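Chemist: Questions regarding the structure given below will be posed in turn.
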Amino acid sequence: NAHQTNTALDEQILTLNDLYAAPKSMQVSKLRPDFDKLYSDHNSKLVPTLWKLARPSFVPAGFCQLITVIAQVSSPLFVWQLLSILEANPNSNVFKEGIPFVFLILIADMANAFGTHRQRFLAMKSGVT
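In structure tokens:
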């Protein structure tokens, strides 16, 4: 029984293999000289230095987040419009009226998927989690 307890504990311990392998561009040996130079260029002010380092990936991540929010808000509205058309015409062929909303739902869902994953990648790249 003690052997089983140790095995269960061993399975819960994190190792180096469980950690995220940072690319060369994110390793301290690359970032520290860049940080030190920018820090001295900005008269030892931390916020402008961090903004300068994070801006190249942080701003595009914010744009992707905006796309995601717009897609997440619009998708239920498109579904609502489609359902309204179907409810208003229960015994009619509503293909012409409904198909634009079907495509808009598809586009919104694809934009949401793209924006979510791209935003997450860019945010992690800038160090924001």
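Sequential numbering from -9 applies to the sequence shown in this note's numbering. No residue lacks a Cβ here, since even glycine has one placed at the ideal position from N, Cα and C. Computed from a predicted model, the values in this text were never measured in an experiment.
#1: Can you give me the Cβ contacts of Ala98 inside the same chain, cut-off strictly under 7 Å, excluding the 5 residues immediately before and after it?
#2: Specify whether the segment 103 to 115 and the segment 41 to 61 touch according to this definition: at least 3 beta carbon pairs, one from each stretch, less than 8 Å apart.
#3: Round the Cβ separation of Phe25 and Thr39 to the nearest angstrom and send it over; I've been treating them as touching at under 8 Å.
#4: Mark Phe91 as exposed unless 16 or more other C-beta atoms lie within 10 angstroms of its C-beta, in which case mark it buried.
#5: When the distance is taken between beta carbons, is Val84 closer than 8 Å to Ile95?
#6: Which same chain residues end up closer than 6 Å to Cys54 when comparing Cβ atoms and leaving out the 5 residues on each side of it in sequence?
#7: Could you tell me the alpha carbon to alpha carbon distance between Trp70 and Ile89, rounded to whole angstroms?
#8: Given that a residue counts as buried once 16 or more other Cβ atoms are within 10 Å of its Cβ, and exposed if not, what is Asn7?
Modeler: According to the data block:
#1: Ala61, Ser64, Ser65, Phe68
#2: Result yes; three or more Cβ-Cβ pairs closer than 8 Å.
#3: About 7 Å separates the beta carbon of Phe25 from that of Thr39, a gap short enough to meet the 8 Å contact definition.
#4: buried
#5: no
#6: Only Gly105, Arg108, Gln109 meet the Cβ criterion.
#7: 13 Å
#8: Its Cβ having fewer than 16 others within 10 Å, Asn7 is exposed.
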